[in-house]
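K.L.:
So for the sequence shown, this note's numbering puts the first residue at 541; every next one is plus one.
A virtual CB, placed ideally from N, CA and C, is assigned to each residue, including glycine.
As the structure is a prediction and not an experimental result, all values here were calculated from the model.
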Amino acid sequence: MRRPILALCAATCLAVTPAAAQAPRLKVHISVDMEGIAGVVTGDQLGPSGFEYARFREFMTREAVAAVTAAKEAGATEIVVADAHGNGENLLIEQFPADVKIVRSWPRPLSMMGGVDASFDAAIFIGYHASTTSLTGVRAHTFSSATLTRVALNGVDMTEGSWNAAIAGHFNVPIVMISGDDAAVAEVRKVVGDLEGAETKKALGFHAALTVTPAAAQTDIAGKVKAALARRASFRPYKPQGQIVVDVSFKHYLPAEVLGYLPMFERTSAHSIRFRAKDMVEASAIMEFIGEYRPDLSP
Numbered sequence: 541m542r543r544p545i546l547a548l549c550a551a552t553c554l555a556v557t558p559a560a561a562q563a564p565r566l567k568v569h570i571s572v573d574m575e576g577i578a579g580v581v582t583g584d585q586l587g588p589s590g591f592e593y594a595r596f597r598e599f600m601t602r603e604a605v606a607a608v609t610a611a612k613e614a615g616a617t618e619i620v621v622a623d624a625h626g627n628g629e630n631l632l633i634e635q636f637p638a639d640v641k642i643v644r645s646w647p648r649p650l651s652m653m654g655g656v657d658a659s660f661d662a663a664i665f666i667g668y669h670a671s672t673t674s675l676t677g678v679r680a681h682t683f684s685s686a687t688l689t690r691v692a693l694n695g696v697d698m699t700e701g702s703w704n705a706a707i708a709g710h711f712n713v714p715i716v717m718i719s720g721d722d723a724a725v726a727e728v729r730k731v732v733g734d735l736e737g738a739e740t741k742k743a744l745g746f747h748a749a750l751t752v753t754p755a756a757a758q759t760d761i762a763g764k765v766k767a768a769l770a771r772r773a774s775f776r777p778y779k780p781q782g783q784i785v786v787d788v789s790f791k792h793y794l795p796a797e798v799l800g801y802l803p804m805f806e807r808t809s810a811h812s813i814r815f816r817a818k819d820m821v822e823a824s825a826i827m828e829f830i831g832e833y834r835p836d837l838s839p
C-alpha cells in the first residue's frame, strides 16, 4: 500500500505546488517630480541650464529607485514609473531594474499620471511639491509656475498631488505614499487622507529649505513605501463627489479672454475660467490642452 499512497501524495503535491507558489499580483504606479527631492531649492537644480541639474537628476533617480526597490521588497510584481518633471526626460533610466517600465516626455495622456489604468493596485508620489496657493512650500506651484495662480476641483484648491490622486481614483487606484517637503505632504493629506509621507525637507520659503541629505531621504522613502504597501488595504481611492467642475486662474488676462470664446469655458473673472468634465480623464485632457497648446506647435 505504500507505493500508491506515495504516488497519490506526489500527484497531489505536484498539483498544489504551482498554485501555492504563485505570488499574488501587486502592480504599482510611481509618479516622480523633482521640486520635492531632497536639497532642491531653486531653478539651479531643476533644469538642464541649472549648474546643479546633473547632480540633482541623479538624486531624483536615486529617490525613485529607492521607492522601486522598496516596493519590490514589499511584494510589487510590476512597476511603472512616470517621469513627471520638466521635459519628462530627467530620470536616468539605466539605473532602474530591468523589469521596470518608464513613461517619458510630453505631451501624453493623463500627464503626470501617464501609464496609470485600472490594472494598478496602488500609486506613489515621489519628489512632489506644494500648490500655487501654498504660503510656505518650496517652489510651490500647480502645473505651471509661469502661468497659473489657482486650480480648483469642485471648489477645493488642488495641488498636483491631489489632482493626480483624483486621476488615479478614476481608475479605483489609491494613493498610498508621498514624498516631498512638509507643506506638500500636509496639503495632499488634507485632501486625500492619511497616506504615508516622507518629508525630504522643511520649507523655509519659496527658495529655501532645511533639507535632509539625499541618503537620508532615500532611506526614509524606502521605509514609508514598505509601510504603505503593507497596509494598502486600508487606503481608499480619492474620488471627488458629483460632477467634475474645474476652476483655473491665470497670471495674465489674455488666456482667460481667449478660452472664454469657447462655449465649454465660462469666464468667471478677468483672469479665471471654469469648465465641467464628465470625469477626471476628460478633465485631465482639457487641462493638458490648456497647458500645452500653441498655434506654432510642430513635431
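Name the residue from I666, E618, R644, L586 whose alpha carbon lies nearest to the alpha carbon of A738.
P.N.:
In the sequence shown, counting from the first residue as 1, residue 738 sits at position 198. Out of I666, E618, R644, L586, I666 has the C-alpha closest to the C-alpha of A738.
K.L.:
Note the first and the last residue of the continuous alpha helix (DSSP H) segment covering K844.
P.N.:
Residue 844 is absent from the structure shown; the chain starts at 541 and stops at 839.
K.L.:
Let me make sure I understand the geometry here. Which of A622, A611, A614 has the alpha-carbon closest to that of M600?
P.N.:
Walking along the sequence shown from the start, residue 600 turns up at place 60. Checked all of A622, A611, A614; the closest Cα to M600 is A622.
K.L.:
Hey, V691 and T682: beta-carbon distance below 7 Å or not?
P.N.:
Within the sequence shown, numbered from 1, the residue matching residue 691 stands at position 151. Within the sequence shown, numbered from 1, the residue matching residue 682 stands at position 142. Yes, they are a contact pair.
K.L.:
With which residues is I813 paired in a DSSP beta bridge?
P.N.:
In the sequence shown, counting from the first residue as 1, residue 813 sits at position 273. V788, R807.
K.L.:
Please classify T689: does DSSP put it in a helix, a strand, or coil?
P.N.:
As a working mapping, residue 689 is identified with position 149 in the sequence shown. Here T689 sits in strand by DSSP.
K.L.:
Nearest CA to the CA of G655: which residue from V605, K567, T676, T673?
P.N.:
For the purposes of this step, residue 655 is taken as residue 115 along the sequence shown, with counting starting at 1. The shortest Cα separation from G655 among V605, K567, T676, T673 belongs to K567.
K.L.:
Under DSSP, the alpha helix (DSSP H) around S702 begins and ends at which residues?
P.N.:
Sequence index remark: in the sequence shown, residue 702 carries index 162 (1-based). Taken as a continuous stretch (DSSP letters only), the alpha helix (DSSP H) holding S702 covers 700-710.
K.L.:
So, with DSSP's three-state summary, where would you put F665?
P.N.:
Looking up residue 665 in the sequence shown gives position 125. F665: strand per DSSP, three-state reduction.
K.L.:
Quick check on the DSSP output: the alpha helix (DSSP H) that includes D760 runs from which residue to which?
P.N.:
Taking the sequence shown and counting its residues from 1, one reaches residue 760 at position 220. Element bounds for D760: 754-770.
K.L.:
By how many angstroms is the C-alpha of S685 removed from the C-alpha of E822?
P.N.:
Translated into the one-based positions of the sequence shown, residue 822 becomes position 282. Translated into the one-based positions of the sequence shown, residue 685 becomes position 145. Those two C-alpha atoms are separated by around 23 Å.
K.L.:
What does the alpha-carbon distance come out to for the pair E736 and V728?
P.N.:
The residue given as residue 736 occupies position 196 in the sequence shown. The residue given as residue 728 occupies position 188 in the sequence shown. Going from the Cα of E736 to the Cα of V728 covers about 11 Å.
K.L.:
Is the region 608-618 touching the region 768-784, taking contact as three or more C-beta pairs under 8 Å?
P.N.:
Yes, since at least three Cβ pairs between the region 608-618 and the region 768-784 fall closer than 8 Å, the two stretches touch.
K.L.:
Beta-carbon within less than 6 Å of V716's beta-carbon, same chain only, minus the 5 sequence neighbours each way: which residues are those?
P.N.:
Counting from 1 along the sequence shown, the entry for residue 716 is found at position 176. Cβ within range, chain order: A662, L735, A768, R772, F775.
K.L.:
Can you check whether the CB of F636 is closer than 7 Å to the CB of V713?
P.N.:
Your numbering for residue 713 matches position 173 in the sequence shown. Your numbering for residue 636 matches position 96 in the sequence shown. Contact flag unset, no.
K.L.:
State the CB to CB distance for the pair A743 and D722, rounded to an integer number of angstroms; the pair is presumed to be in contact (CB under 8 Å).
P.N.:
Taking the sequence shown and counting its residues from 1, the one referred to as residue 743 is at position 203. Taking the sequence shown and counting its residues from 1, the one referred to as residue 722 is at position 182. That belief holds up - the Cβ atoms of A743 and D722 are roughly 6 Å apart, short of 8 Å.
K.L.:
Can you grab the Cα-Cα spacing for the pair I826 / P564, in whole Å?
P.N.:
Taking the first residue of the sequence shown as 1, we reach residue 826 at position 286. Taking the first residue of the sequence shown as 1, we reach residue 564 at position 24. C-alpha separation (whole angstroms): 37 Å.
K.L.:
Should G576 and A726 be called a contact, given that it needs their Cβ atoms to be closer than 7 Å?
P.N.:
For this step, residue 576 is matched to residue 36 along the sequence shown. For this step, residue 726 is matched to residue 186 along the sequence shown. Against a cut-off of 7 Å, the Cβ pair of A726 and G576 comes out as no contact.
K.L.:
I'd like the list of long-range same chain contacts for N630, defined as Cβ closer than 7 Å, with 5 residues on each side in sequence excluded.
P.N.:
In the sequence shown, residue 630 corresponds to position 90, counting from 1. Correct list, in chain order: M574, R597, M600, D623.
K.L.:
Let me check understanding here. Comparing Cα to Cα, which of A706, A680, T740, L750 lies closest to V785?
P.N.:
The residue labelled residue 785 in the question sits at position 245 within the sequence shown. Comparing Cα positions, the closest option is A706.
K.L.:
Distance check for E700 and R814, CA to CA, integer angstroms please.
P.N.:
Mapped onto the sequence shown, residue 814 falls at position 274. Mapped onto the sequence shown, residue 700 falls at position 160. Whole-angstrom Cα-Cα distance: 18 Å.
K.L.:
According to DSSP, is V488 part of a helix, a strand, or is it coil?
P.N.:
As shown, the chain starts at 541 and ends at 839. That puts residue 488 outside it, with no answer to give.
K.L.:
Would you give the residue range spanned by the beta strand (DSSP E) that I715 belongs to?
P.N.:
As a working mapping, residue 715 is identified with position 175 in the sequence shown. 715-721 is the span of the beta strand (DSSP E), which, as asked, contains I715.
K.L.:
So what does DSSP say about I577, is it helix, strand or coil?
P.N.:
Residue 577 sits at position 37 when you count from the first residue of the sequence shown. I577 falls in the coil class under three-state DSSP.
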